[in-house]
Amino acid sequence: MARATTTYVCQSCGATYGRWQGKCESCGAWNTIAEESVAATGVGGAPVKGGAKAGKTRGRAFALAGLDGANDQAPRTETQVGELDRVFGGGLVKGSVILIGGDPGIGKSTLLIQASARLARMGHRVVYISGEEAVGQVRLRAERLGLTASPVELAAETNVEDIVATLSEGPVPRLVVIDSIQTMWTDTVESAPGTVSQVRSAAQVLIRFAKKSGSAVILVGHVTKDGQIAGPRVVEHMVDAVMSFEGEGGHHFRILRAVKNRFGPTDEIGVFEMTGKGLREVPNPSELFLAGRDLGAPGTAVFAGMEGTRPVLVEIQALVAPSTLGTPRRAVVGWDPARLSMVLAVLDAHCGVRLGGHDVYLNVAGGLRIAEPAADLAVAAALVSSLSGAVLPADAAYFGEVSLSGAVRPVAQAAARLKEAKKLGFTKAVVPEIARGETVEPGLSVQAVTNLSTLVADIA
Ligand code: TYD
Ligand code: MG
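With positions in the sequence shown counted from 1, the corresponding number in our numbering is that position plus 1.
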């Protein structure tokens, strides 16, 4: 039987200590360790019950093959927000818990009230619980978004026991939105709302509700870069899926990305645009990322990339300028800096392109973050174009991985990339050798390069 204990918990990463100390050994943060007392709780903050009941299903094993018979209703519900369903892996899974994190003000509440409204309009019970705004404020926002006709149940509540009691009345909700998990608190823990133990324990109560009732629960979590608010990071391992909602300052579009997903892929992205009337879905992101392109400027190349199953064309911008610094500057937005260093080294060693005395700036237009090595070729083209001042053809798209030897290697899904380029009016594609024969798009001239030096000679 557990008894009331005092622990010292790092408010940034959730590490626990037996006594106070100034620095957290686990995450390295200073002055983040606070005293928290946990009243008679079991493992991880679960309230201790007086002895477990021996249930019928307790300890019983089930055959994997027999499980489909147990699904008496469709396990997924589409929210009708296509970009959201895409990232979820085809809709909300019954009894699943999803954490959506993001900077304050990025649009999490807006996204979720819109999704709730759509789902409620289809006749499902949807409960939106706001711990940050009063019901009136949420309603005001919904009014501005033109969603007042939608039968979403709103509640301003922060105590999870009260919330579970509310939710247990009436039919099982198809979706419950908790905005945000940092404002929630449970009676079983004494520390203030927002502390690591409160966030963790409150999440546990809500997760238990989801699993028991079959209702899907979305938890909203604010993440701040300086880690001042107890990070919802501590609940990441407890939930079924973790999504991050991101956007670059100054840009109108927002990207929803799955960081972890037990029920779907993690490489799909959902793209939205923030407008005066809320978030608008962007089913064809290439058009957005290529809008406002400066066609006559050197240093830009269009990369034909893949985000999950969807091809996305995006502009890569490079600026190369003689440096006045001892160590030239390398600044990258939207791509891996180590990957840039590698491309620069290959250009230097195998293609005679010397950038050791130049500052190099690389930017992926529109705030997209690219993780694919397939962008190497487009990056190299943009760098060489900026250095030489030669403008790349505006109707050419690039993809291909560059190896350390300077060889251009084939990448996956060449056909889908070429098809998207063709669809968006590109007439030329510069690609690795293998993609040429494999995929012929009528009206698209495909130039295969086997070596980066060929490309450099072509441009300069
Ligand atoms: P919000 O959803 O409150 O962000 P979060 O819940 O992630 O903190 O979004 C707030 C921002 O969105 C705010 O700066 C204004 C902007 N916004 C619009 O541009 N248009 C709209 O229709 C709405 C509702 C918000
Ligand atoms: Mg909000």
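Ideal Cβ positions, reconstructed from N, Cα and C, are used throughout, including at glycine.
- Relative to the ligand MG, SER214 has its C-beta separated by 6 Å or more from all heavy atoms.
- Under the three-state reduction of DSSP output, PHE273 falls in the strand class.
- CA-to-CA, the gap between THR267 and VAL88 works out to about 8 Å.
- Between the C-alpha atoms of ASP241 and ALA211 there is a straight-line separation of about 11 Å.
- Residue environment for SER38: exposed (fewer than 16 other C-beta atoms within 10 angstroms of its C-beta).
- Under the three-state reduction of DSSP, CYS11 is assigned to strand.
- In the three-state reduction of the DSSP assignment, PHE89 falls in the helix class.
- Per DSSP, reduced to three states, the secondary structure at MET343 is helical.
- Rounded to whole angstroms, ALA135 and ARG258 show a C-alpha spacing of 29 Å.
- Looking at the DSSP output, PRO323 bridges to HIS359.
- If you draw a straight line from the Cα of ARG140 to the Cα of GLY108, it comes to about 16 Å.
- Three or more beta-carbon pairs drawn from the stretch 350 to 358 and the stretch 321 to 338 are found closer than 8 Å, and the two stretches are therefore classed as touching.
- Those residues placing their Cβ nearer than 6 Å to any heavy atom of the ligand MG are, following chain order, LYS109, SER110, GLU133 and ASP180.
- With contact defined as three or more Cβ pairs closer than 8 Å, the stretch 18 to 37 and the stretch 201 to 217 are not in contact.
- LYS95 sits buried, since 16 or more C-beta atoms from the chains shown fall within 10 Å of its C-beta.
- The ligand TYD has a heavy atom closer than 6 Å to the beta-carbon of MET275.
- Less than 7 Å separates the beta-carbon of ALA305 from that of ALA422.
- Under the three-state reduction of DSSP, GLN199 is assigned to helix.
- Non-local beta-carbon contacts of VAL224 in its own chain, meaning distances under 6 Å to residues more than five positions away in sequence, involve GLY102 in chain order.
- DSSP links ARG410 through a beta bridge to GLU402.
- C-alpha of GLY401 to C-alpha of VAL412: approximately 6 Å in a straight line.
- Relative to the non-hydrogen atoms of the ligand TYD, the Cβ of PRO286 never comes closer than 6 Å to any of them.
- Minimum Cα-Cα distance from GLU442 among the listed residues TRP31, THR187, ASP104 and ALA415 corresponds to ALA415.
- According to DSSP, residue pairing for HIS351 in a beta bridge does not occur.
- Fully contained in the stretch 249 to 322 are the following beta strand (DSSP E) runs of length 3 or more, in chain order: 254 to 262, 270 to 276, 279 to 282 and 301 to 308.
- Of the candidates LEU419, SER454 and ASN285, the residue whose Cα lies closest to the Cα of GLY444 is LEU419.
- Residue environment for GLU144: exposed (fewer than 16 other C-beta atoms within 10 angstroms of its C-beta).
- At least one heavy atom of the ligand TYD falls within 6 Å of the beta-carbon of ARG142.
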